[in-house]
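Trainee: This is the structure I have questions about; it appears just below.
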Amino acid sequence: MSTIRLTMAQAVARFLTAQKTEIDGRILPLFGGVWAIFGHGNVAGMGEALHGVRDQLPTYRAHNEQGMAHAAIAFAKASRRRRMMACTTSIGPGATNMVTAAAVAHVNRLPVLLLPGDVFANRRPDPVLQQIESFSDGTVSANDCFRPVSRYFDRITRPEQIIPALQRAMTVLTDPAECGPVTLALCQDTQAEAYDYPESFFAEKIWTPRRIRPDETELAEAADLIRKAKKPFIVAGGGVLYSEAEKTLTDFAEKHGLSVGETQAGKSSLPHDHAACLGAVGVTGTGAANAFAEEADVVIAVGTRLQDFTTGSWALFKNPERRIVGLNVQTFDAAKHNAVPLVADARVGLEELSRALGTWKAPEAWTAKARDEQARWFETAARYTDPTNAELPSDAQVIGAVQRTSAPTDVVVCAAGGLPGELHKHWKASTALGYHMEYGYSCMGYEIAGGLGVKMADPSRNVIVMVGDGSYLMMNSELASSVMLGQKLTVVLLDNRGYGCINRLQRATGGESFNNLLQHTNHVTLPDIDFAAHAASLGALSMKVKSIAELEDALRKARGAERSTVIVIDTDPLVSTDAGGHWWDVAVPEVSTREQVKTARKDYETALAAQRVGD
910 MSTIRLTMAQ AVARFLTAQK TEIDGRILPL FGGVWAIFGH GNVAGMGEAL HGVRDQLPTY
970 RAHNEQGMAH AAIAFAKASR RRRMMACTTS IGPGATNMVT AAAVAHVNRL PVLLLPGDVF
1030 ANRRPDPVLQ QIESFSDGTV SANDCFRPVS RYFDRITRPE QIIPALQRAM TVLTDPAECG
1090 PVTLALCQDT QAEAYDYPES FFAEKIWTPR RIRPDETELA EAADLIRKAK KPFIVAGGGV
1150 LYSEAEKTLT DFAEKHGLSV GETQAGKSSL PHDHAACLGA VGVTGTGAAN AFAEEADVVI
1210 AVGTRLQDFT TGSWALFKNP ERRIVGLNVQ TFDAAKHNAV PLVADARVGL EELSRALGTW
1270 KAPEAWTAKA RDEQARWFET AARYTDPTNA ELPSDAQVIG AVQRTSAPTD VVVCAAGGLP
1330 GELHKHWKAS TALGYHMEYG YSCMGYEIAG GLGVKMADPS RNVIVMVGDG SYLMMNSELA
1390 SSVMLGQKLT VVLLDNRGYG CINRLQRATG GESFNNLLQH TNHVTLPDID FAAHAASLGA
1450 LSMKVKSIAE LEDALRKARG AERSTVIVID TDPLVSTDAG GHWWDVAVPE VSTREQVKTA
1510 RKDYETALAA QRVGD
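This note's numbering applies: residue 910 is where the sequence shown begins, and numbers increase by one.
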């Protein structure tokens, strides 16, 4: 057997360069690069190794470990999980900074390879700088935090262990059902140790998506249930886009007279104005999609994990005879809530389900109702997004301005707060992947870093990041990275002077405004933050606008700018779209001295009666 002597870190770097994928007939590197912030736990080992392969595997420097991992996650999502990135940090705070991002990837089923430095395997300098010491367990390190948020975790204490570890990592990262973050904690002394690795370990390998076909019995049962339906309805999740199944879904809906509601992850599966598209479904859903969800007797859940925002905390599907067909590549999701499981890739599953249904179509009256509901929602939504002269516009009015100045191929990126709900209802996605929302974990601070990852995945598309002031303050450093890397973003920063979304939720559950808007915090002086100046200090172009008309002008200028632009606009923290939507289970205190809370509790108890527990 022919071997090559390398350090463990060099073996990792060389192995990553040999992993390829085929997309549209082109062989591309599977790993789009490695994000790295070096420290004593990885600079000597991984730093030297990555320098040696920098021409085949680019290394990118970030400003925050969580931010760089968010960028890697967004890159994978925008690449439909066909390509991915790795992230390496030092031991200690650099590693634990990535744990939140690992949770984002875990919830959203997205591949990212995390390579944090770790303690010395030989324990000679124990405890090394930044080492977490357990009084009762000598094997514990800070990287154990990654275990619950990793699909696969390993700690490499000998150089030869990296061979099975990387092989296992790749099967997880590329598996449609098991896909998620992989953490390989690299003991810093082991990174530098040499081993005679078999040359075959570094042979080029091309990874293509596995398309799981449905079981014949499950397929027959699902088709039989759908044929009997009088009011069938499709809920499209992120699995549709990961599977590249949007055209198959469109054909399926057209052929069988079905209508589609989209989750946050599934939005852009159909063009917003397609006759079958009823838009967002669930807590932040449109009136059209939710009207159908409430009446549906069969819900065909395609590629969705059916989280509470999609199901209205399991109170949205009101038909007492309702059944669910769970078309999902992951059995865990396909069988949720007593569903008839159809374990399959979304594209293949829809194709075979369509063949099994033959010429069957939903009742014409039900299909016609969808067109009426869609038209009614478009008319309603326009009232919230149309131009305004208001001194403090709403989030929806800002979204309308961004929409009017956008192109069909643009990508809007967002993550947390009130904006995701407004965008879910109002953004008119025309092309697949034109709507990029991190709402599985709803992680504040994802937006700008995520926008950078989206742009790196497809530089041909204009990327618009919409972010609130609270989320911007939480993490903005990768704006400087976007400038440094020449990856232009347009950032629309809505300043409502606090956490406006949670303030509204606080009041809706009977609470007083407290500790959310800046004016309601414990303070000596209210901050007067100049966001435009801050963005300019990070190297971006920036401006503060005073109206929707000025915002539209600024957006047009930003489209032609040579680098990232941040546009700041003040918005109303109290106004949100009160059309569409659905109840969401947020527990209200049973005991309070305040009458508003007592009233909210009574309303809450009434709403709980509509939940379908375990069904």
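Ideal placement from N, C-alpha and C gives every residue a C-beta, glycine not left out.
Here the structure is a predicted model, which means the values were calculated and not measured.
Any idea if proline 1272 is buried or exposed, counting beta-carbon neighbours within 10 angstroms, 16 or more meaning buried?
Mentor: Result: exposed.
Trainee: Since glycine 1026 contacts serine 999 with CB under 8 angstroms, what's their CB separation in whole angstroms?
Mentor: That pair is a contact at about 5 angstroms.
Trainee: Return the residue from the list Ala1011, Asp1035, Leu1134 that minimises the CA-CA distance to cysteine 1054.
Mentor: Ranking Ala1011, Asp1035, Leu1134 by Cα distance to cysteine 1054 puts Ala1011 first.
Trainee: From what residue to what residue does the beta strand (DSSP E) around alanine 1444 run?
Mentor: Note, alanine 1444: premise wrong, no beta strand (DSSP E); alpha helix (DSSP H) at 1440-1446.
Trainee: Along the chain, where does the beta strand (DSSP E) that runs through tryptophan 944 open and close?
Mentor: First-last of the beta strand (DSSP E) with tryptophan 944: 940-945.
Trainee: Run through the DSSP bridge pairs and tell me what alanine 1189 is partnered with.
Mentor: DSSP lists Glu1171 as partners of alanine 1189.
Trainee: Quick one: Cα of glycine 1166 to Cα of isoleucine 1065, how far?
Mentor: Those two C-alpha atoms are separated by around 54 angstroms.
Trainee: Measuring alpha carbon to alpha carbon, tell me which of Ala1078, Gly1196, Thr1126, Glu1102 ends up nearest alanine 1488.
Mentor: For alanine 1488, the nearest C-alpha among the options comes from Gly1196.
Trainee: By a C-beta neighbour count over all protein chains shown, 10 Å radius and 16 as the cutoff for buried, is serine 1369 buried or exposed?
Mentor: Its Cβ having fewer than 16 others within 10 Å, serine 1369 is exposed.
Trainee: Mind the definition here: the region 1062-1078 touches the region 1089-1098 only if three or more C-beta pairs lie below 8 angstroms; say whether that holds.
Mentor: Touching, yes, given that three or more Cβ pairs across the two stretches are closer than 8 angstroms.
Trainee: Can you tell me whether glycine 1469 is buried or exposed? The criterion is at least 16 other CB atoms within 10 Å of its CB, across all chains shown.
Mentor: The residue in question, glycine 1469, is exposed, as its Cβ has fewer than 16 Cβ neighbours within 10 Å.
Trainee: Between glutamine 965 and proline 1002, is the Cβ-Cβ spacing less than 8 angstroms?
Mentor: Not in contact: glutamine 965 and proline 1002 (Cβ atoms no closer than 8 angstroms).
Trainee: Measuring CB to CB, does leucine 1215 end up less than 8 angstroms from lysine 1176?
Mentor: No, these two residues do not count as a Cβ contact at 8 angstroms.
Trainee: Cutting at 7 angstroms between CB atoms, please list the residues of its own chain near valine 1008, excluding the five before and the five after it.
Mentor: Cβ neighbours of valine 1008 beyond the five flanking positions: Cys1054, Phe1055, Val1058.
Trainee: So is arginine 1032 in contact with chain B if we call contact Cβ pairs under 8 angstroms?
Mentor: Among the chains in the structure shown there is no chain B, since it carries only a single protein chain.
Trainee: Measuring alpha carbon to alpha carbon, tell me which of Ile1233, Phe940, Phe1110, Trp1336 ends up nearest glycine 1523.
Mentor: For the residues Ile1233, Phe940, Phe1110, Trp1336, the minimum Cα distance to glycine 1523 belongs to Ile1233.
Trainee: Grouping DSSP H, G and I as helix and E and B as strand, with all else coil, what is proline 1250?
Mentor: Looking at proline 1250 - three-state DSSP - the assignment turns out to be strand.
Trainee: Assign asparagine 995 to one of three DSSP states: helix, strand, or coil.
Mentor: Strictly speaking, residue 995 in this sequence is alanine, with asparagine absent from that position. In this structure, alanine 995 counts as strand in the three-state DSSP scheme.
Trainee: Starting from histidine 949 and walking both ways along the beta strand (DSSP E), at which residues does that stretch end?
Mentor: No beta strand (DSSP E) holds histidine 949; DSSP gives it neither H nor E.
Trainee: Only counting the same chain, and skipping five residues up and downstream in sequence, which positions put a Cβ closer than 7 angstroms to that of arginine 1018?
Mentor: Hits under 7 angstroms: Cys1088, Gly1089.
Trainee: Counting beta carbon pairs with one atom in the region 1118-1133 and one in the region 1256-1270, are three or more of them shorter than 8 angstroms?
Mentor: Touching, yes, given that three or more Cβ pairs across the two stretches are closer than 8 angstroms.
Trainee: Hey, how far is the Cα of phenylalanine 947 from the Cα of isoleucine 1373?
Mentor: Rounded to the nearest angstrom, the two C-alpha atoms are 30 angstroms apart.
Trainee: Using only the alpha-carbon positions, how far apart do aspartate 1063 and asparagine 1031 sit?
Mentor: Their backbone Cα atoms lie some 17 angstroms apart in a straight line.
Trainee: So for tyrosine 969, helix, strand or coil by DSSP?
Mentor: Here tyrosine 969 sits in strand by DSSP.
Trainee: Considering just the uninterrupted stretch of the beta strand (DSSP E) at glycine 1354, what are its terminal residues?
Mentor: Run containing glycine 1354: none; DSSP gives neither H nor E here.
Trainee: Please determine, among Gly1362, Gly1170, Ala1279, the residue with the shortest C-alpha to C-alpha distance to valine 1320.
Mentor: When each option's Cα is compared against that of valine 1320, the closest is Gly1362.
Trainee: Relative to the alpha-carbon of histidine 1345, which residue among Ala1174, Val1392, Ile982, Ser1456 has its alpha-carbon at the smallest distance?
Mentor: For histidine 1345, the nearest C-alpha among the options comes from Ala1174.
Trainee: Based on the DSSP secondary-structure assignment, which residues constitute the bridge partners of threonine 1220?
Mentor: Per DSSP, none; premise fails for threonine 1220.
Trainee: Cutting at 7 angstroms between CB atoms, please list the residues of its own chain near phenylalanine 940, excluding the five before and the five after it.
Mentor: Answer for phenylalanine 940: Leu925, Gln928, Leu966, Met993, Met994, Ala995, listed in chain order.
Trainee: Taking just the CA atoms, how far does lysine 1507 sit from glutamate 1499?
Mentor: Distance between the alpha carbons of glutamate 1499 and lysine 1507: 7 angstroms.
Trainee: If you check the beta carbons only, do leucine 1150 and alanine 1078 fall under 8 angstroms apart?
Mentor: Against a cut-off of 8 angstroms, the Cβ pair of alanine 1078 and leucine 1150 comes out as no contact.
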